[in-house]
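*Asks:* This structure is in structure tokens; I'll ask about it shortly.
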Amino acid sequence: NAGVTQTPKFRVLKTGQSMTLLCAQDMNHEYMYWYRQDPGMGLRLIHYSVGEGTTAKGEVPDGYNVSRLKKQNFLLGLESAAPSQTSVYFCASSYGPSGGGYEQYFGPGTRLTVT
Amino acid sequence: AQSVSQHNHHVILSEAASLELGCNYSYGGTVNLFWYVQYPGQHLQLLLKYFSGDPLVKGIKGFEAEFIKSKFSFNLRKPSVQWSDTAEYFCAVSGGSQGNLIFGKGTKLSVKP
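Structure follows, in structure tokens:
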């Protein structure tokens, strides 16, 4: 099993450009998540999905959109990138909700720089 | 709103020293508690978790944590650290049956050989 994979690993964007980050999992998990990690801030939840075709906002959703058209994929889009979106983005998946004690499995991360 | 506090930003220890990393949370109801570790250049992985039952939880690589409900704490411990434990450690809490994870800001551990 590959677990959780993320594409691309690194990306540099200019302000105003758009891009899509792809997350894929092969564990048949229902739940998927997008986080951003900034120095000294820990991980903050951007958006999440509790199943195919569903999405919901997390703690810091502004400037991002997501889609979950297939159970195994969760896409994160930036329509008009801003320097404040420079961060490391992690995708995660889980069989059930964290409130039910289910572990989240994380991908390797995407380092995004917006100039 | 739920929150998680990790009081130590950076801890530096020598090999064989004992480790205790503090984690406090604010949530009045039932909680699930997790410690994740991020080794340099790698993704987060689960060290241990508390869901219910024995408040002393044992995890991988000799780590353990104790849930003290009255203190809203879930401190991580290891009796003797190794250089390979150098990493960033994140405490996370999930409240309620459908709650998402709220992460602390992390504690960097540097172990000197």
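Each protein sequence line maps, in turn, to chains A and B. For what it's worth, this note's numbering labels the leading residue of the first sequence as 1, then goes sequentially. For what it's worth, this note's numbering labels the leading residue of the second sequence as 1, then goes sequentially. C-beta: ideal position from N, C-alpha, C; glycine also.
1. How about Val4 of chain B: is its C-beta nearer than 9 Å to some C-beta of chain A?
2. Return the CA-CA distance between His9 of chain B and Thr107 of chain B, expressed in angstroms with no decimal places.
3. Less than 9 Å separating the beta-carbons of Leu101 of chain B and Ala87 of chain B?
4. Which residues bound the beta strand (DSSP E) around His47 of chain A?
5. Do we get a CB-CB distance below 9 Å when we pair Tyr36 of chain B with the residues of chain A?
6. Within 10 Å of its beta-carbon, does Gly28 of chain B have 16 or more other beta-carbons around it, so buried, or fewer, so exposed?
7. 9 Å is my cut-off, CB to CB: does Leu112 of chain A come that close to chain B?
8. Between Gly99 of chain A and chain B, is the shortest Cβ-Cβ distance under 9 Å, so that the two count as touching?
9. Whole angstroms is fine: what's the gap from Tyr89 of chain A's alpha carbon to Leu46 of chain B's?
*Replies:* This is what the structure gives:
1. It does; some Cβ of chain A falls within 9 Å.
2. The alpha-carbon atoms of His9 of chain B and Thr107 of chain B are separated by roughly 5 Å.
3. Not closer than 9 Å, so no.
4. For His47 of chain A, the enclosing beta strand (DSSP E) has its first and last residue at 42-49.
5. For Tyr36 of chain B, the answer is yes, since a Cβ of chain A falls inside 9 Å of its Cβ.
6. Classification of Gly28 of chain B: exposed, given that the 10 Å Cβ count is below 16.
7. With 9 Å as the cut-off, Leu112 of chain A does not count as an interface residue toward chain B.
8. Interface residue, yes.
9. Going from the Cα of Tyr89 of chain A to the Cα of Leu46 of chain B covers about 18 Å.
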